[in-house]
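Using my numbering, the first residue of the sequence shown is number 2, and each one after it goes up by one.
Virtual Cβ for every residue (Gly too), placed ideally from N, Cα, C.
Notes follow once the structure below has been shown.
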Amino acid sequence: MLSKNKIKWIRSLEWKKFRKEEESFLAEGRKLVGDLLGHFDCRLLVATEEWYASHPTAQADERIVVDREELSRASLLKAPQEVLAVFRQPSYVCAPEVMLDELCLALDDVQDPGNLGTIVRIADWFGIRHIFCSPATADLYNPKTVQATMGAMARVQLHYGPLVPLLEDLPAEVPVYGTFLDGDDLYAQPLSAAGLIVMGNEGNGISAEVARHINRRLLIPNYPKGAPTSESLNVAVATAVVCAEFRRTVSR
Numbered sequence: 002m003l004s005k006n007k008i009k010w011i012r013s014l015e016w017k018k019f020r021k022e023e024e025s026f027l028a029e030g031r032k033l034v035g036d037l038l039g040h041f042d043c044r045l046l047v048a049t050e051e052w053y054a055s056h057p058t059a060q061a062d063e064r065i066v067v068d069r070e071e072l073s074r075a076s077l078l079k080a081p082q083e084v085l086a087v088f089r090q091p092s093y094v095c096a097p098e099v100m101l102d103e104l105c106l107a108l109d110d111v112q113d114p115g116n117l118g119t120i121v122r123i124a125d126w127f128g129i130r131h132i133f134c135s136p137a138t139a140d141l142y143n144p145k146t147v148q149a150t151m152g153a154m155a156r157v158q159l160h161y162g163p164l165v166p167l168l169e170d171l172p173a174e175v176p177v178y179g180t181f182l183d184g185d186d187l188y189a190q191p192l193s194a195a196g197l198i199v200m201g202n203e204g205n206g207i208s209a210e211v212a213r214h215i216n217r218r219l220l221i222p223n224y225p226k227g228a229p230t231s232e233s234l235n236v237a238v239a240t241a242v243v244c245a246e247f248r249r250t251v252s253r
């Protein structure tokens with residue numbers, strides 16, 4: 002049975018302040034929790050008898066059996082799905098030199114949790130293991146972001162910190178790409194198998210400070226060229242287009 006204090010603690014993880022204090026995050030739903038178990042240390046599992054019966058080996062510091070009504074009182078979802086879990090936030094270390102051998106992403110103040118979660122899924126799909134995020138980028142452990150990753154956060158590591166010092170410390174041979182409205186046609190440029198792709202804020206794009214360190218300016222062209230069109234693409238959609246072209250070009 003879930004106590005009122007336990008419910009209050011679970012629901013407090015909606016807020017970044019408490020996630021930071023507890024160094025934990027909340028995940029909900031059969032598929033998401035199933036994908037994350039085994040990748041992150043689980044502090045608490047709250048699930049129905051049916052879920053436990055189908056997951057007899059699921060491990061957690063604490064396991065609580067509930068009915069659907071109890072689960073709904075702790076859940077942040079409108080339609081709770083059998084199970085929720087509280088995981089410990091991992092600690093990752095990644096040297097910038099990884100960009101000499103791998104393609105990585107950097108996010109310059111991407112602020113929408115849904116966009117961030119979708120970008121993590123895109124990175125996972127295209128085999129990108131590291132995303133470097135500015136401090137103002139949305140929190141990966143926001144419950145909305147966690148849900149939007151659909152489990153991809155188990156395979157993609159996010160590293161938060163100022164981007165300008167990171168870019169200044171990169172080896173000179175690392176190509177740094179960015180998307181701009183005055184860039185060069187993405188489909189006509191030589192692209193590399195390793196390096197860094199910078200994606201900008203939803204409203205303002207890539208900041209001037211970060212843009213100064215980008216040495217490959219790219220444009221996703223609209224079709225037909227010169228026709229009236231939307232002002233820009235959603236940042237998650239743009240990320241998918243760019244990553245797909247990198248993988249298509251390099252794998253030919």
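Can you check which of these residues, the options, is closest to residue i by C-alpha distance?
i    : options               : result
S92  : L104, Y53, L141, V99  : L141
K21  : V147, L45, N143, P172 : N143
N205 : D185, F181, D186      : F181
F133 : R64, L167, R156       : L167
K179 : L106, L33, A59, R31   : Sequence check: residue 179 is Gly here, not Lys. The candidate whose alpha carbon is nearest that of G179 is L106.
K32  : A80, A245, V84, I120  : V84
R44  : I11, C244, P229       : I11
K7   : G35, I65, T58         : I65
L219 : R249, H160, A80, Q190 : Q190
H56  : D68, S76, V34         : V34
E63  : F88, T138, P114, V199 : F88
E203 : K226, S76, L234, A59  : L234
D36  : A86, N116, F19        : A86
M2   : P229, D68, N116, E169 : D68
L117 : Y161, M100, D102      : Y161
M151 : E169, D170, S76, W126 : W126
A1   : G227, W16, V199       : Examination of residue 1 is not possible in this model, given that the chain is present from 2 through 253 alone.
According to DSSP, simplified to helix, strand and coil, what is residue i?
i    : result
L141 : coil
T180 : strand
A1   : Outside the modelled stretch of the chain, which goes from 2 to 253, sits residue 1, for which no answer is possible.
M2   : coil
G30  : coil
G115 : helix
Q82  : coil
C244 : helix
M151 : coil
V199 : strand
D185 : strand
G35  : helix
S73  : helix
R213 : coil
I123 : helix
Y93  : coil
L164 : helix
R64  : strand
A48  : strand
V157 : coil
I8   : helix
V99  : helix
A239 : helix
S208 : coil
V175 : coil
Check the C-beta distance from residue i over to residue j and give it rounded, since I have them as a contact under 8 Å.
i    : j    : result
L46  : A61  : 4 Å
A173 : L104 : Not quite, the Cβ-Cβ distance comes to about 18 Å (not below 8 Å), so this is no contact.
E29  : L78  : 5 Å
L197 : V175 : 6 Å
E232 : L187 : Contact doesn't hold; Cβ gap of about 18 Å is too wide.
V236 : G184 : No, V236 and G184 are not in contact; Cβ-Cβ is about 15 Å, not under 8 Å.
I221 : A239 : 6 Å
V165 : A139 : At roughly 19 Å, the Cβ-Cβ gap does not stay under 8 Å, so V165 and A139 are not in contact.
V211 : D109 : 5 Å
F26  : Q82  : Actually they do not touch by this definition, with Cβ atoms about 17 Å apart.
V177 : N223 : With 8 Å as the limit, V177 and N223 do not qualify as a contact, their Cβ atoms being about 24 Å apart.
P114 : P136 : P114 to P136, Cβ: 15 Å. No contact.
- Message: I'd like to know if the region 38–58 and the region 92–102 are in contact, where contact means that at least 3 CB-CB pairs between them fall below 8 Å.
- Response: Touching, no.
- Segment contact, 8 Å Cβ cut-off, at least three pairs: the region 48–55 with the region 71–86: The way I'd put it, the region 48–55 does touch the region 71–86; three or more beta-carbon pairs between them come closer than 8 Å.
- Query: Quick check: the region 205–221 against the region 144–159, are there 3 or more CB pairs under 8 Å?
  - Reply: Judged by Cβ distances under 8 Å, the region 205–221 makes no contact with the region 144–159, as fewer than three pairs qualify.
- Three CB pairs or more closer than 8 Å across the region 153–162 and the region 115–132: At 8 Å Cβ cutoff, the stretches touch.
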